[in-house]
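Numbering (this note's numbering), first residue to last: 68 to 353.
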């Protein structure tokens with residue numbers, strides 16, 4: 068199995084009020100399909116168990132560890148083999164599907180297992196039954212006309228966000244997602260121990276209360292920007308996502324596909340524009 072952990076992307080790096088073309092090393096995010104082959108009755112049965120997102124590499128240990136931790140197997144003798152299913156190759160020529168053959172005599176209720184994985188998945192992709200299920204339900208159009216945000220405003224966003232994070236101030240242990248105007252006003256903020264949950268809470272509130280105006284607003288998240296975060300934004304027609312952390316390769320691919328501006332790694336007077344550079348203006352008032 069080919070192991071590929073990172074890839075270089077061309078980006079726009081901002082320092083102060085100056086931006087230039089640069090390169091950044093991005094962690095690869097790819098789906099891994101886990102298929103189980105087991106003996107039932109008098110025959111071998113092959114069924115998909117789940118799909119999880121991961122950085123390619125050490126996949127066999129990932130799968131065996133997952134099966135151990137979920138109680139599917141109790142010792143290493145329960146796994147007869149873990150082999151590549153050559154039908155699924157990723158963008159970086161990565162093998163994205165494994166077939167786990169369990170030793171004869173191992174009984175498992177696949178329906179209960181699949182339901183367990185679905186319930187415990189933390190994003191819009193992990194836990195789906197097959198790679199083919201990783202699809203946007205429909206393809207919304209992201210308006211390229213806005214929002215237009217000042218180049219100087221982005222560096223101030225971490226402080227703007229932290230000033231509004233009441234639960235984080237008390238606990239230091241929660242993520243936040245916020246809807247901001249193109250002038251930097253926090254319109255609503257949601258917090259949760261899960262970064263996916265924080266964004267779901269935010270989207271639920273602003274859509275229920277008809278607050279969302281994608282041409283004039285953008286979303287900021289406190290954590291890493293993975294595929295699942297961008298997927299949630301796409302479904303609501305949000306054209307700009309800002310994160311304090313790093314994006315993954317699959318997040319960038321999705322942002323590029325739907326013309327979303329994706330910004331990350333915000334530090335004092337520094338940040339990276341990964342996609343959608345045109346929404347950041349050097350002449351727009353803060």
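Note that beta-carbon positions come from the ideal geometry of N, C-alpha and C, so glycine has one too. Remember, predicted model here, so these are calculated numbers, not experimental data.
Simplified DSSP assignment, three categories, for residue i
i	result
residue 119	strand
residue 160	coil
residue 84	coil
residue 273	helix
residue 259	strand
residue 314	strand
residue 328	strand
residue 207	coil
residue 233	helix
residue 346	helix
residue 192	coil
residue 91	strand
residue 96	coil
Cα-Cα separation, residue i to residue j
i	j	result
residue 330	residue 126	29 Å
residue 174	residue 255	49 Å
residue 245	residue 108	53 Å
residue 265	residue 287	11 Å
residue 210	residue 284	12 Å
residue 268	residue 278	13 Å
residue 157	residue 165	13 Å
residue 310	residue 243	10 Å
residue 219	residue 347	9 Å
residue 339	residue 116	37 Å
residue 130	residue 191	20 Å
residue 148	residue 168	5 Å
residue 260	residue 240	7 Å
residue 128	residue 87	41 Å
residue 291	residue 151	29 Å
residue 317	residue 159	11 Å
residue 355	residue 276	Residue numbering for the chain in the displayed model covers 68 to 353; residue 355 lies beyond these limits and cannot be assessed.
residue 78	residue 320	13 Å
residue 323	residue 170	44 Å
Assumed close pair residue i, residue j - CB separation to whole angstroms, cut-off 8 Å
i	j	result
residue 313	residue 94	7 Å
residue 103	residue 207	At roughly 35 Å, the Cβ-Cβ gap does not stay under 8 Å, so residue 103 and residue 207 are not in contact.
residue 263	residue 295	6 Å
residue 281	residue 306	5 Å
residue 222	residue 335	7 Å
residue 337	residue 81	7 Å
residue 224	residue 333	6 Å
residue 118	residue 99	7 Å
Residue i classed as buried or exposed, judged by whether at least 16 other C-beta atoms fall within 10 angstroms
i	result
residue 84	exposed
residue 354	In the structure displayed, the chain extends from 68 to 353; residue 354 sits before or after that span and is not available.
residue 353	Here residue 353 scores only 48 on pLDDT, less than 50, and its place in the model should not be relied on; the value that follows carries that caveat. So residue 353 ends up on the exposed side.
residue 216	buried
residue 29	Outside the shown range of the chain (68 to 353) lies residue 29, about which nothing can therefore be said.
residue 153	exposed
residue 110	exposed
Short CB-CB distance (under 7 Å) between residue i and chain C
i	result
residue 230	Annotation note: the requested chain C is absent from the structure, which comprises a single protein chain.
- Would you check if there are 3 or more beta carbon pairs closer than 8 Å linking the stretch 68-87 to the stretch 119-128? Look at the beta carbons and you see the stretch 68-87 touching the stretch 119-128: at least three pairs across the two are nearer than 8 Å.
- Query: Would you say the stretch 227-235 touches the stretch 191-198, given that touching needs at least three Cβ pairs under 8 Å?
  - Reply: Between the stretch 227-235 and the stretch 191-198, the count of C-beta pairs closer than 8 Å stays below three; the two stretches do not touch.
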